[in-house]
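Chains A and B, in that order, give the protein sequences. Per the working numbering, residue 289 is the first one in the first sequence, and the count goes up by one each step. Per the working numbering, residue 289 is the first one in the second sequence, and the count goes up by one each step. We put the CB at the ideal spot given by N, CA and C, even for glycine. Predicted model, so just to flag it, every value in this text is computed and none were measured.
Number of protein chains: 2
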Amino acid sequence: MSGTFFFKKVAIIGVGLIGGSLAIVLRNKALAGSFVGIGRGKANLEAALRLGIIDSFTTDIEEGVRDADLVIVATPVKKISETIRKAAPALKKGCIVTDVGSVKKAVIDEVEPMMPEGVHFVAGHPIAGTEHSGAEAAFAELFIDRKCIITPTDRTDRAALEAVRRIWAAAGSDVAVMDAVVHDRILAAVSHLPHIIAYSLVNTVADIEDSGIDALGFSAGGFKDFTRIASSSPEMWADICAMNKASLIEMIEAFQARLERLKRLVASGDYEAIRGDFERAKSVRDSLLKTEKSQRQG
Amino acid sequence: MSGTFFFKKVAIIGVGLIGGSLAIVLRNKALAGSFVGIGRGKANLEAALRLGIIDSFTTDIEEGVRDADLVIVATPVKKISETIRKAAPALKKGCIVTDVGSVKKAVIDEVEPMMPEGVHFVAGHPIAGTEHSGAEAAFAELFIDRKCIITPTDRTDRAALEAVRRIWAAAGSDVAVMDAVVHDRILAAVSHLPHIIAYSLVNTVADIEDSGIDALGFSAGGFKDFTRIASSSPEMWADICAMNKASLIEMIEAFQARLERLKRLVASGDYEAIRGDFERAKSVRDSLLKTEKSQRQG
């Protein structure tokens, strides 16, 4: 890419870990002039102001987005369309609106029809995060070497798409552009399904505890690693599941078939087939580590 | 406990991470005189000798256990009964035989009837390990603050049970004594089921990869944590699954019911019920961390 791009005014709706970190990137790279933070929690907005992430803030969405050249919607995924609906009347012509939600098709289907003439929506999803949240958790390096998926549609403005791609590239991310449905299926498989499984497993063990057997007391590091994601926000994950219903159910059913197969092999004592299944999984899992290492070294 | 206990000669069958570490503990605590290592791999036995874990070694089980006061069987779980069958003719009266297998009922059912008159078998399972194996991975601190479960039966000699309990207490473990079936159900829930799930999940994602969609490339830290145990030894885990069939199938089915419930809630869009399930799991998972912390501090 050649040429410069610069956003005179950026509005961040939801100045948390993701929104705050992206603002820091844009400021550090001198890709934007001023930043207005928009949110409902004043304490968080005040922290963001104190930290120099934003230059001003408001709790009024319309007021905040007025005259903005770039609007970053970093609210919980369920709130994205509602938020954009509120912002829409105040968006100026030429403005680019982008989001960071974990589900893309449902968001796009709701948001695209709301866009005023000449305002461009580009859906995005940085696959990055930490266990912390809020403006105080934000940092410039969050997106470095992380994947970011952008999911344009036939209606997406090509220049706006390119601008959003460059923002994430500037953040250090490895940007992929794909169809929203493909995104949702991939994320259902590698993220949403694992969460559903982790919550289900912990509840299974909790049921055993309730029956009077202290099982958790004998769990070791493997169980703690395995169930870490069951400590994720129930509200956020219930939203994601609700918004990615079709792909998630597809993946749950694919997993159920795999698990049922293993159960039958265990029941029939087919040791060789059990080992075969385990070996395939181990080889795939191990290849993941090799990829990770080569990326780090490369 | 008052009184001293001392094993003049200890035979370790399988001088790997677990067997080697326990030998180091017994030597450091001056609870034993000499150590003979028994195994099939000479290179590992030579390493154990060089490291001072054992004083001598042999590949002949009968020769190794002759005159031993304590025999620690630290082979893969599937080999335990076969190993003890070979050792039995040479075991001296008063000898204590203990194992470290991850499945207890199947081992006990096979081993108890083999015990010569006056030789005492006490089944045990230290819940400890690292990702490394072999004598060179052994270290004295492996068992500190880890749970160790001992599973006596009506036939277990009380003095031998007490001696094995004291060995693990000396290693720094938190020793629990329970019925073998309860052990097998607990371990099925917190260890064997999670492995079955992890292998099934990785294979589910591998199936998607095979269909031409690069899903693994978009997996993040959560997926890597969650599937770490799918990199475990397929052979060892196929053995464990085969040997703990009844409890494992019980736990797989309990999990299947939990997962099916969540799938239906997602399908019907019952957001509140989904969140309720997630909240219960999070609260149980978080309590696990609190317990861990208070144990560390305590």
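>> Against chain A, with Cβ distances strictly below 8 Å, would D495(B) count as a contact?
In response: Among the CB atoms of chain A, one or more fall inside 8 Å of the CB of D495(B).
>> Classify R563(B): buried if its beta carbon has 16 or more other beta carbons within 10 angstroms, exposed otherwise.
In response: Buried, since its Cβ has 16 or more Cβ neighbours within 10 Å.
>> Just to confirm my understanding: we take S369(A), look at its own chain, exclude 5 residues before and 5 after, and list those with CB closer than 6 Å. What are they?
In response: E398 and V399.
> Mind pulling the chain A residues with CB within less than 9 Å of S479(B)?
Replying inline: Simply F506, S507, A508, G510 and F511.
> Does the count of Cβ pairs from the region 466-486 of chain A and the region 443-455 of chain A closer than 8 Å reach three?
Replying inline: Judged by Cβ distances under 8 Å, the region 466-486 of chain A makes no contact with the region 443-455 of chain A, as fewer than three pairs qualify.
>> As a quick exercise: from T439(B), I396(B) and R568(B), pick the residue whose alpha carbon is nearest that of L550(B).
In response: Among T439(B), I396(B) and R568(B), the Cα nearest to that of L550(B) is on R568(B).
> Of all Cβ atoms in chain A, is any one closer than 8 Å to the Cβ of N332(B)?
Replying inline: With 8 Å as the cut-off, N332(B) does not count as an interface residue toward chain A.
>> Rounding to the nearest angstrom, what Cα-Cα distance links M524(B) and T346(A) in this structure?
In response: Rounded to whole angstroms, M524(B) to T346(A) spans 59 Å at the Cα level.
> Do you know offhand how far L358(A)'s Cα is from I455(A)'s?
Replying inline: Taking the straight line joining both Cα atoms gives about 11 Å.
>> Just to confirm, is the Cβ distance from R573(B) to A518(A) under 8 Å?
In response: R573(B) is a Cβ neighbour of A518(A), given a cutoff of 8 Å.
> Buried or exposed: which applies to T363(A), given that a residue is buried once 16 or more other Cβ atoms fall within 10 Å of its Cβ?
Replying inline: Flag for T363(A) reads buried.
> Using a beta-carbon distance below 8 Å, is P642(A) in contact with chain B?
Replying inline: The shown model of chain A, from 289 to 586, leaves out residue 642(A), and the question about it has no answer.
> Going by alpha carbons, who is nearest to R516(B) out of F294(A), G406(A), L576(A) and F431(A)?
Replying inline: Among F294(A), G406(A), L576(A) and F431(A), the Cα nearest to that of R516(B) is on L576(A).
> Which one of L333(A), E351(A), E450(A) and L430(A) has the shortest CA to CA distance from K374(A)?
Replying inline: Among L333(A), E351(A), E450(A) and L430(A), the Cα nearest to that of K374(A) is on E351(A).
> For G557(A) and chain D, any beta-carbon pair shorter than 8 Å?
Replying inline: Looking at the structure shown, chain D is missing, and the protein chains on hand are A and B.
> Hey, does R584(A) have any beta-carbon neighbour from chain B nearer than 8 Å?
Replying inline: For R584(A), the predicted model reports a pLDDT of 45, less than 50, meaning its position is unreliable and no value from the coordinates is stated.
> For D387(B), which beta-bridge partners are listed by DSSP?
Replying inline: Its beta-bridge partners are V361(B).
> Run through DSSP, which three-state label would P522(A) get?
Replying inline: Here P522(A) sits in helix by DSSP.
> Along chain A, in chain order, which residues have C-beta atoms closer than 8 Å to that of I415(B)?
Replying inline: Below the 8 Å Cβ cutoff, chain A contributes F506 and A508 as neighbours of I415(B), in chain order.
> Helix, strand or coil for V572(B) per DSSP?
Replying inline: For V572(B), the three-state secondary structure derived from DSSP is helix.
>> Excluding the 5 residues flanking A457(B) on each side, which residues of the same chain have their C-beta closer than 7 Å to its C-beta?
In response: Setting aside the 5 residues that flank it on each side, A457(B) is surrounded in the same chain by V463, each with a C-beta closer than 7 Å to its C-beta; the list follows chain order.
>> Pull the bridge partners of H471(B) from the DSSP assignment, please.
In response: Its beta-bridge partners do not exist; DSSP assigns none.
> Curious, which full-length beta strand (DSSP E) runs of at least 3 residues does the region 405-452 of chain A contain?
Replying inline: The qualifying runs are 408-410, 412-414 and 435-438.
> Relative to chain A, which residues along the region 538-550 of chain B have a C-beta separation below 9 Å, given in chain order?
Replying inline: Cβ contacts with chain A come from M539, I540, E541, A542, F543, Q544, A545, R546, L547, E548, R549 and L550.
>> Measuring only the C-alpha atoms, how far is M466(A) from I438(A)?
In response: When rounded, the separation of the alpha-carbon atoms in M466(A) and I438(A) is 6 Å.
>> Against P522(B), what residues of chain A qualify as contacts under a CB-to-CB distance less than 7 Å, listed in chain order?
In response: Within 7 Å Cβ-Cβ: R563, F566, E567 and K570.
>> Residues of chain A with CB closer than 8 Å to the CB of D574(B), please, in chain order.
In response: The answer, in chain order, is S519.
> Comparing alpha-carbon positions, which option in K296(A), V361(A), A331(A) and E334(A) lies nearest L310(A)?
Replying inline: When K296(A), V361(A), A331(A) and E334(A) are compared, the shortest CA-CA separation from L310(A) is found for V361(A).
> Quick one: what does DSSP say K392(A) is sitting in, helix, strand or coil?
Replying inline: K392(A) falls in the coil class under three-state DSSP.
> Run through DSSP, which three-state label would K381(A) get?
Replying inline: Three-state DSSP puts K381(A) in coil, outside helix and strand.
> Can you tell me the Cα-Cα spacing of M402(B) and A486(B), whole angstroms?
Replying inline: Cα-Cα distance, rounded: 36 Å.
>> Considering only DSSP beta bridges, list what G325(B) is partnered with.
In response: Paired residue(s): I300(B) and F345(B).
> With a CB to CB cut of under 7 Å and the five nearest residues on each side skipped, what residues in its chain are close to I540(A)?
Replying inline: By the criterion of a C-beta distance shorter than 7 Å, I540(A) is surrounded in its chain by L481 and I484, once the five residues flanking it on both sides are discounted.
> So is N316(B) buried or exposed if we call it buried at 16+ other beta carbons inside 10 Å?
Replying inline: With a threshold of 16 other beta carbon atoms within 10 Å, N316(B) falls short and is exposed.
>> Buried or exposed, going by whether 16 or more other CB atoms sit within 10 Å of the CB of F294(A)?
In response: In this structure F294(A) is exposed. Its beta-carbon is surrounded by fewer than 16 other beta-carbon atoms within 10 angstroms.
> Taking DSSP as the reference, what is the three-state secondary structure of F566(A)?
Replying inline: Residue state, collapsed to three classes: helix.
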